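Colleague: One structure is given below, represented as structure tokens, and several questions about it will come after.
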Amino acid sequence: MTNKEIMELTERVIIPSYKRYPVAIVRGKGHTVWDADGNEYLDFASAFGTSNVGHCHPRVVEAIAHQAEKLLHVCNLYHIEEQARLAEMLVERSFAEQAFFCNSGAEANEAAIKLARKASHDRFGPGRHTIICTEGAFHGRTMATLSATGMDALKEGFAPLLGGFAFAPFNDVGSVEAAIDGTTCAVMVEPIQGVGGVIMPGVDYLRDLKALCEARDLLLIFDEIQTGIGRTGHLFAYEAFGAPPHIMTISKSLGGGLPIGAMLTTSDLAEHLGPGTHASTFGGNSLACTAAIAVLEIIEADQLLLNCRKVGAYFEEALQSLQESHTAVKEIRGLGLMQAVELDRETHPFVMKALERGVIIDSAAKTAFRLLPPLTIGEAEVDRLCRLLDELLTEAEA
Ligand SMILES: Cc1ncc(COP(=O)(O)O)c(C=O)c1O
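Position one of the sequence shown corresponds to residue 21 (this note's numbering), numbered consecutively onward.
Encoded structure:
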């Protein structure tokens, strides 16, 4: 099928909840994707940051193919080798001791919300259920995670949302402290706000939040769905800020392109989710876990954290020189290969022009580009993107 045919069919039979770009991506390899008409694109968005190891990494493909011949799925009434092996790899590489698997970011956050409430209920009795979240945060589109999201526009028309969520400005520990009352059980933040436009935490913010939570017997939940799996040059962003949380959620790049999410925590908290308290039919599915094991192995074997830090630093410098030569660029923000360029105008027209010229970039918030390339990119790809941004900004400023 051609781009046009796929677009027409989509418009006819798919519920229009996504605003889509006018291309159909049909093939991917590393940091390159191709559309149905054969046009090639350099991918600086990684499908919302889900292809950290690149598209169709050969070792992910091989692992999936091998597993597909053996077993695709079995339910969680049985022990599942791939699930246990993946959990072991995750806990060996993080603060956590146990994992719960599910299929998406929102579902991982649902598990975190349920664990925070259940642990508080078991330890302190009923009534302590409020989770303090931050303005500008994005935690997902299910009813609970939408309720935890700090973007009012996304909530319009969906009332009543779930109760038990309070909000404080991001990067302001004092406001979180002021929001704590007798009903509070946890604080939930993204270490770096992603969808909100790559908003960086102050150096001490996450550490201070952890100290506050410890002092007030609250649980600290980090949503690392976008920042995790190497995106910032650390396997998890909390490592960069020296602040391990009590509960962490991951998803997106974990499956190397297959849907999987996880909630990680310590054993003393995990025991509050005993048999029958939480479940997901496909959670910890053999195929998805096999892909995730391959992803973690690739990150280490290919030294992608190192590449992310090295190329990330080069990228940041290149973006800063772009800022020096263009008045339309107001700010550069980010860490590793999670970068944003804040403009004095809307970014959508630039995203469309970049697409026409063979580069995929993404907008986060209306006036920022969010740049999340696969962690496999090198300086040559950064140079190509920055040359294109330079061209587009020059044309717009003329
Ligand atoms: C920080 C964060 N949390 C949660 C989600 C929701 O993940 P999903 O779309 O897999 O439900 C996203 C998705 O963009 C995200 O960036």
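No residue lacks a Cβ here, since even glycine has one placed at the ideal position from N, Cα and C.
It should be emphasised that the depicted structure is a prediction, and the values quoted were computed from it without experimental measurement.
Is the region 211-227 touching the region 378-387, taking contact as three or more C-beta pairs under 8 Å?
Modeller: Because the criterion of three Cβ pairs below 8 Å is met, the region 211-227 and the region 378-387 touch.
Colleague: Check whether the Cβ of A179 sits closer than 8 Å to any heavy atom of ligand 1, and report yes or no.
Modeller: By 1-based counting over the sequence shown, the position of residue 179 is 159. The answer is no for A179.
Colleague: Where does K39 fall in DSSP's three states?
Modeller: Looking up residue 39 in the sequence shown gives position 19. Note: K39 maps to coil in three-state DSSP.
Colleague: Can you name, in chain order, every residue of its own chain whose Cβ lies under 8 Å from the Cβ of T52, other than the five neighbours on each side?
Modeller: Taking the sequence shown and counting its residues from 1, the one referred to as residue 52 is at position 32. Excluding residues within five positions, the ones whose Cβ falls inside 8 Å are E60, Y61, L62, D63, H75.
Colleague: Given the structure, does E197 come close to ligand 1, in the sense that its CB is under 8 Å from one of the ligand's heavy atoms?
Modeller: Translated into positions along the sequence shown, residue 197 becomes position 177. Not so, every heavy atom of ligand 1 lies at least 8 Å from the Cβ.
Colleague: When DSSP labels each residue in this structure, what does R236 get in the three-state scheme?
Modeller: Taking the sequence shown and counting its residues from 1, one reaches residue 236 at position 216. It is coil, neither helix nor strand.
Colleague: Using 9 Å as the threshold, is the C-beta distance between V349 and V361 below it?
Modeller: One-based indexing of the sequence shown puts residue 349 at position 329. One-based indexing of the sequence shown puts residue 361 at position 341. Contact: yes.
Colleague: Tell me whether the beta-carbon of G304 lies closer than 9 Å to the beta-carbon of Q103.
Modeller: Residue 304 sits at position 284 when you count from the first residue of the sequence shown. Residue 103 sits at position 83 when you count from the first residue of the sequence shown. Yes, they are a contact pair.
Colleague: Rounded to whole angstroms, what is the Cα-Cα separation between A173 and L166?
Modeller: As a working mapping, residue 173 is identified with position 153 in the sequence shown. As a working mapping, residue 166 is identified with position 146 in the sequence shown. Cα to Cα, the separation comes out at about 11 Å.
Colleague: Could you name the residues of the same chain whose beta carbon sits closer than 8 Å to that of K138, not counting the 5 residues immediately before and after it, in chain order?
Modeller: Here residue 138 is taken as the residue at index 118 of the sequence shown, counted from 1. These residues qualify, in order along the chain: H292, L293, T297.
Colleague: Which of the three DSSP states, helix, strand or coil, is assigned to E362?
Modeller: Taking the sequence shown and counting its residues from 1, one reaches residue 362 at position 342. The answer is strand: DSSP assigns E362 an E or B state.
Colleague: Can you tell me where the alpha helix (DSSP H) with L293 in it begins and where it stops?
Modeller: The residue labelled residue 293 in the question sits at position 273 within the sequence shown. Unbroken run through L293: none, as it is neither H nor E.
Colleague: Would you kindly check if the distance between the Cβ of V315 and the Cβ of L274 is under 9 Å?
Modeller: What you label residue 274 is simply residue 254 of the sequence shown in a count that begins at 1. What you label residue 315 is simply residue 295 of the sequence shown in a count that begins at 1. Yes; because the gap between Cβ atoms is below 9 Å, this pair is in contact.
Colleague: Would you say the region 261-272 touches the region 82-99, given that touching needs at least three Cβ pairs under 8 Å?
Modeller: Touching, no.
Colleague: How about N96: is its Cβ closer than 8 Å to a heavy atom in ligand 1?
Modeller: Locating residue 96 in the sequence shown gives position 76, where the first residue counts as 1. Outside the cutoff, so no.
Colleague: In three-state terms, what does DSSP make of H159?
Modeller: Stepping through the sequence shown from its first residue, residue 159 is reached at position 139. Residue state, collapsed to three classes: coil.
Colleague: Determine the closest residue to H149 out of I200, A333, A235, with distance taken between C-alpha atoms.
Modeller: Walking along the sequence shown from the start, residue 149 turns up at place 129. Selected option, being the one with the closest Cα: I200.
Colleague: Cβ of A338 within 9 Å of Cβ of L363?
Modeller: Within the sequence shown, the letter at position 318 stands for residue 338. Within the sequence shown, the letter at position 343 stands for residue 363. Their beta carbons are not under 9 Å apart, which means A338 does not touch L363 by this criterion.
Colleague: Going by the CB atoms, is the gap between G170 and A179 shorter than 9 Å?
Modeller: For this step, residue 179 is matched to residue 159 along the sequence shown. For this step, residue 170 is matched to residue 150 along the sequence shown. Their beta carbons are not under 9 Å apart, which means A179 does not touch G170 by this criterion.
Colleague: For the pair the region 104-119 and the region 221-239, tell me if three or more CB-CB distances fall below 8 Å.
Modeller: Flag = no, the region 104-119 and the region 221-239 do not touch.
Colleague: Any chance the CB of V223 is under 8 Å from a heavy atom of ligand 1?
Modeller: As a first step, residue 223 is located in the sequence shown; it is residue number 203 there, counting from the start. No, the beta carbon of V223 sits no closer than 8 Å to any heavy atom of ligand 1.
Colleague: Do I152 and T204 have their C-beta atoms closer together than 9 Å?
Modeller: The residue you call residue 152 lines up with position 132 of the sequence shown. The residue you call residue 204 lines up with position 184 of the sequence shown. Yes, the pair counts as a contact, with Cβ atoms nearer than the cut-off.
Colleague: So if I measure from each beta-carbon to every heavy atom of ligand 1 and keep distances below 7 Å, which residues remain?
Modeller: Cβ atoms closer than 7 Å to ligand 1 belong to F68, S124, G125, A126, E127, N129, F158, H159, G160, R161, T165, E210, G214, V215, D243, I245, Q246, S271, K272, G281.
Colleague: Could you check where the beta strand (DSSP E) with R148 kicks off and where it finishes?
Modeller: Position 128 of the sequence shown holds residue 148. Note, R148: premise wrong, no beta strand (DSSP E); not H, not E.
Colleague: In the structure shown, what three-state DSSP assignment does H75 receive?
Modeller: The count along the sequence shown starts at 1 and reaches residue 75 at position 55. Three-state result, H75: strand.
Colleague: Per the DSSP calculation, M220 is bridged to which residue(s)?
Modeller: What you label residue 220 is simply residue 200 of the sequence shown in a count that begins at 1. Bridge partners of M220: none, in fact.
Colleague: Relative to the C-alpha of V46, which candidate in F302, I26, E31, K39 has its C-alpha closest?
Modeller: Here the question's residue 46 lines up with position 26 in the sequence shown. The candidate whose alpha carbon is nearest that of V46 is I26.
Colleague: Should S66 and L355 be called a contact, given that it needs their Cβ atoms to be closer than 9 Å?
Modeller: Residue 66 sits at position 46 when you count from the first residue of the sequence shown. Residue 355 sits at position 335 when you count from the first residue of the sequence shown. Not in contact: S66 and L355 (Cβ atoms no closer than 9 Å).
Colleague: So, Q118 versus T252, is the Cβ gap smaller than 9 Å?
Modeller: As a working note, residue 118 is residue 98 in the sequence shown. As a working note, residue 252 is residue 232 in the sequence shown. For Q118 and T252, no; Cβs fall outside 9 Å.
Colleague: How is the alpha helix (DSSP H) around F14 delimited, first residue to last?
Modeller: A question about residue 14 goes unanswered here, because the residues of the chain that appear run from 21 up to 418.
Colleague: When the Cα atoms are used, what is the spatial distance from A321 to T367?
Modeller: Reading the sequence shown from its first residue, position 301 is the one you call residue 321. Reading the sequence shown from its first residue, position 347 is the one you call residue 367. Going by the C-alpha atoms only, they are around 36 Å apart.
Colleague: For K436 and G183, what's the separation of their Cα atoms in angstroms?
Modeller: An answer regarding residue 436 cannot be provided, because it is not within the stretch 21 to 418 covered by the chain.
Colleague: So which of R32, T310, K330 has the shortest CA-CA distance to K90?
Modeller: To locate residue 90, count along the sequence shown from 1; it is residue 70. Taking only the C-alpha atoms, the option nearest K90 is T310.
Colleague: Below 6 Å CB to CB, which residues in the same chain sit around R79 once its five sequence neighbours on both sides are set aside?
Modeller: As a working mapping, residue 79 is identified with position 59 in the sequence shown. Closer than 6 Å at Cβ, skipping near neighbours: A314, I318.
Colleague: Once the 5 residues before and after T308 are set aside, which same chain residues still bring their CB inside 7 Å of it?
Modeller: Taking the first residue of the sequence shown as 1, we reach residue 308 at position 288. According to the sequence as given, residue 308 is Ala; it is not Thr. If we look at A308 and ignore the five residues flanking it on each side, its Cβ neighbours are G275, L278, P279, I280.
Colleague: Just confirm the distance between the C-beta atoms of A263 and K230, as a whole number of angstroms; I'd bet it's less than 8 Å.
Modeller: Against the sequence shown, residue 263 aligns to sequence position 243. Against the sequence shown, residue 230 aligns to sequence position 210. Indeed, because the Cβ distance is near 5 Å, the residues count as touching under 8 Å.
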